[in-house]
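Chemist: Sending over a structure as structure tokens; questions will come in a sec.
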Amino acid sequence: MERKSSRAATQEYPNPFIHELKLTKAQWIKGIILGCTLLPIRVFLAWILLIAAWIVAVPRLAGLSQEERSKPLSGWRRWLFHPILWLLGRAVFFCVGFHWVKVKGRKADVKEAPILVVAPHSSFLDMVIMFPAGVPSVVSRSENINLPVIGALLECNQSVLVSRRDPESRKEAVSELNKRVTSDGSWPQILMFPEGTTTNGRCLLRFKTGAFVPGVPVQPVVLHYPNELDTIRWTYKGSNWFQVLFHTLSQPCTNITIEFLPVYTPSEEEKKDSRLFAGNVQKVMASALGVPASDYVMAGRIPVSKLNDLSVPLESPGKEAMTLLYRKGLGPRDVEAALDRMIDRCRSGAEGTKANAEELASILGLNKKTAIHICSLYSKDDTVDLRHIYFNMAAIIGHVDEISLFHSAFAAFDREGRGSLTKEELTELMGALLGVPQQSTEELYDTATEDQEQLTEGESQTAKQLLTAHRCAAAGDYRAAC
């Protein structure tokens, strides 16, 4: 359930990435009984309806060339299939417990607001919004196109697909989005979840700017789940997707209220500044929900708080790595010895800074599975920068004092040994100290260098800023830097 009162902007926000469903003994018994009886029936009926929707969806694009598929559907492909897909989709959600969907406000048509922005994003079950919204197109991960049934429905819906790992894919998605929303109503509305990930709904994450780059009017839509048990939330820590599905489908019914807010038309300033536009819409939606508008985002797999242009992790990945190492039987001295081996390898040359899971396993003296887990905390790829692991973990265990740590980090990222850092090198250094890759540290760099052309280690103010941010992240105090 949403919080009914918002906190002042100066107060600490609730952590939106954690949701634990606490059940009484009576609720557990009720859930088991309904889970053994109601859930199988619901799953069976939902799959039958999804397969029926797939059978309808496939012919909708049959016979169309790739060029024709890049244009909005019209004629019989639109009027014949659209109501059938709407009916089947709504029936799926009826089967899983969304018997009544309460709607407040009026949905704007495509010419009034080409984009619908929806929040908070709680789980995959939020897609029930599709039916009061008239089955608009959506923006989805390109990987979802390979899912059975779901992939065909996304293709039939002419969804905008984007790969999070491919920068070119993101550029193409922005271009496609811009083309559609400026088509004067030729294309259906686009529905987007600007938070970009799921949360517990206790505050709104900082909105991603994708929906706001075109600078067109948007209609904010807020979701309320006024249920006794809040089973919907699928978060970074807490219930997984199976538990969400099990607990939700084991309830007699799930209530939802969908509230269409007035269309938000951007000012000239907001059209030029998508971040300002996104921030103002976030505040409007947060006010309607009665929750804070936060500066939290998801950086890869790590929840972070934005501190100017820095991404400060709510929980340092080094803490999870340390916990994992201790569970595997490594003591403090073993960890320090492993860190020494890491930094020695890094100092051997540029090639020595990268390691795959097998090499990391050898350095740590552990199995490959554990090494893969630690790699995943710091990198999306098969390789990891050992400097990121070393500097992030060294601060947590107090392996060296902060001044020595900063000196070592400065030397490690000063590739040419000139005694100064470029903006790119500072970005890499901050990523290592904080344990989270940084997109840019241009604001910090410009503030620190002032009239200087390059950032040198001797600039004590910069060192202080770096170490303060690092200390906050290592301690897990993600708001102390403010």
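Each residue of the sequence shown is one higher than the one before, counting from 1 in full-length UniProt numbering.
Note that beta-carbon positions come from the ideal geometry of N, C-alpha and C, so glycine has one too.
Bear in mind that the values here come from a model prediction, so they are computed numbers and not experimental data.
Let me check understanding here. Comparing Cα to Cα, which of K368, V400, F246 lies closest to C36?
Modeler: Checked all of K368, V400, F246; the closest Cα to C36 is F246.
Chemist: Please give me, in chain order, every unbroken run of the alpha helix (DSSP H) with length at least 4 that falls completely inside the segment 296-346.
Modeler: Entirely contained in the segment 296-346, the alpha helix (DSSP H) runs reaching 4 residues are, in chain order, 317-327.
Chemist: Have a look at R90 and L364 and give me their C-alpha separation to the nearest angstrom.
Modeler: Looking at the two C-alpha atoms, the distance is approximately 52 Å.
Chemist: Look up D385 in the DSSP assignment and say whether it is helix, strand or coil.
Modeler: strand
Chemist: Output the boundary residues of the beta strand (DSSP E) element that contains Q282.
Modeler: Counting along the chain, Q282 sits inside no beta strand (DSSP E); it lies in the alpha helix (DSSP H) bounded by residues 274-289.
Chemist: Less than 6 Å between C-beta atoms, sequence neighbours within five positions excluded: which residues of the same chain meet that for V135?
Modeler: W86
Chemist: Are the beta-carbon atoms belonging to T248 and L147 less than 8 Å from one another?
Modeler: Here T248 is not near L147, since their CB atoms are 8 Å or more apart.
Chemist: So S294 and L205 are in contact, right, with Cβ under 8 Å, and what is the actual spacing, rounded?
Modeler: 6 Å
Chemist: Near L339, what residues of its chain come up, given a Cβ to Cβ distance below 7 Å and the 5 sequence neighbours on each side ignored?
Modeler: Y390, M393, A394, H399
Chemist: Grab me the residues of A113's own chain with a C-beta within less than 6 Å of its C-beta, minus the 5 sequence neighbours each way, in chain order.
Modeler: P217, V218, Q219, V263
Chemist: Quick one: complete beta strand (DSSP E) runs, 3+ long, within the segment 129-160?
Modeler: 137-141
Chemist: Tell me the rounded alpha-carbon separation between N282 and L229.
Modeler: A small fix is needed here, since residue 282 is Gln in this sequence, not Asn. When rounded, the distance between both Cα atoms is 26 Å.
Chemist: Candidates L426, G300, G215: which alpha carbon is nearest T197's?
Modeler: G300
Chemist: Determine contact between the segment 88-104 and the segment 49-57, defined as no fewer than three beta-carbon pairs at a distance below 8 Å.
Modeler: In short, these stretches touch, since the Cβ pair count reaches three.
Chemist: Going by C-alpha to C-alpha distance, which of R180, M298, F260 sits closest to P16?
Modeler: M298
Chemist: Taking the continuous beta strand (DSSP E) assigned at I48, which residues delimit it?
Modeler: Element bounds for I48: not the beta strand (DSSP E) but the alpha helix (DSSP H), 25-60.
Chemist: What residues in its chain sit with their C-beta under 7 Å from that of L276, if we drop five residues either side in the sequence?
Modeler: E269, E270
Chemist: Among the candidates K107, E155, G238, whose CA atom is the shortest distance from the CA of S123?
Modeler: G238
Chemist: Do P188 and V110 have their beta-carbon atoms positioned less than 8 Å apart in this structure?
Modeler: yes
Chemist: Can you give me the Cβ contacts of L405 inside the same chain, cut-off strictly under 7 Å, excluding the 5 residues immediately before and after it?
Modeler: Result list for L405: F391, A394, A395, in chain order.
Chemist: By a C-beta neighbour count over all protein chains shown, 10 Å radius and 16 as the cutoff for buried, is N157 buried or exposed?
Modeler: buried
Chemist: For F413, which residues from the same chain have a beta carbon less than 7 Å from its beta carbon, with the 5 sequence-adjacent residues on both sides left out?
Modeler: L421, E425, E428, L429
Chemist: In its own chain, which residues sit with a C-beta less than 8 Å from the C-beta of K354, not counting the 5 before and 5 after it?
Modeler: These residues qualify, in order along the chain: T383, V384, D385, L386.
Chemist: In chain order, what residues of the same chain lie with their CB nearer than 7 Å to the CB of S460, ignoring the 5 residues before and after it?
Modeler: Because S460 carries a pLDDT of 39, less than 50, the predicted location of this residue cannot be relied on, and the following value inherits that uncertainty. Closer than 7 Å at the Cβ level, and outside the excluded window around S460, lies no residue.
Chemist: What does the alpha-carbon distance come out to for the pair S137 and I115?
Modeler: 10 Å
Chemist: Is the Cβ-Cβ distance between V244 and I256 less than 8 Å?
Modeler: No, Cβ-Cβ distance for V244 and I256 is not below 8 Å.
Chemist: Does the Cβ of K208 have 16 or more other Cβ atoms within 10 Å, making it buried, or fewer, making it exposed?
Modeler: buried
Chemist: Under a three-way DSSP split, which group does A171 fall into?
Modeler: Looking at the sequence provided, one finds Lys at residue 171 rather than Ala. Correct three-state label for K171: helix.
Chemist: Look at T441 and D344 and say whether their C-beta atoms are less than 8 Å apart.
Modeler: Cβ atoms of T441 and D344: not closer than 8 Å.
Chemist: Does T265 pass the burial test, meaning 16 or more other C-beta atoms within 10 Å, or should it be called exposed?
Modeler: exposed
Chemist: Is the Cβ of L23 closer than 8 Å to any Cβ of chain D?
Modeler: Within the model displayed, chain D is absent; a lone protein chain is all it includes.
Chemist: Determine the direct distance from the alpha carbon of K319 to that of V312, and round the result to whole angstroms.
Modeler: Between the C-alpha atoms of V312 and K319 there is a straight-line separation of about 14 Å.
Chemist: Could you please give the first and the last residue of the uninterrupted alpha helix (DSSP H) stretch that includes A412?
Modeler: 402-413
Chemist: Tell me which same chain residues have a C-beta within less than 8 Å of the C-beta of C346, skipping the five on either side of it?
Modeler: The beta carbon of C346 sits closer than 8 Å to those of G352, T353, L386, R387, Y390, A412, all from its chain and outside the five residues before and after it, given in chain order.
Chemist: Give the DSSP-derived three-state secondary structure of Y236 in the structure shown.
Modeler: Coil at Y236, not helix or strand.
Chemist: Using DSSP with H/G/I as helix, E/B as strand and the rest coil, what is I363?
Modeler: helix
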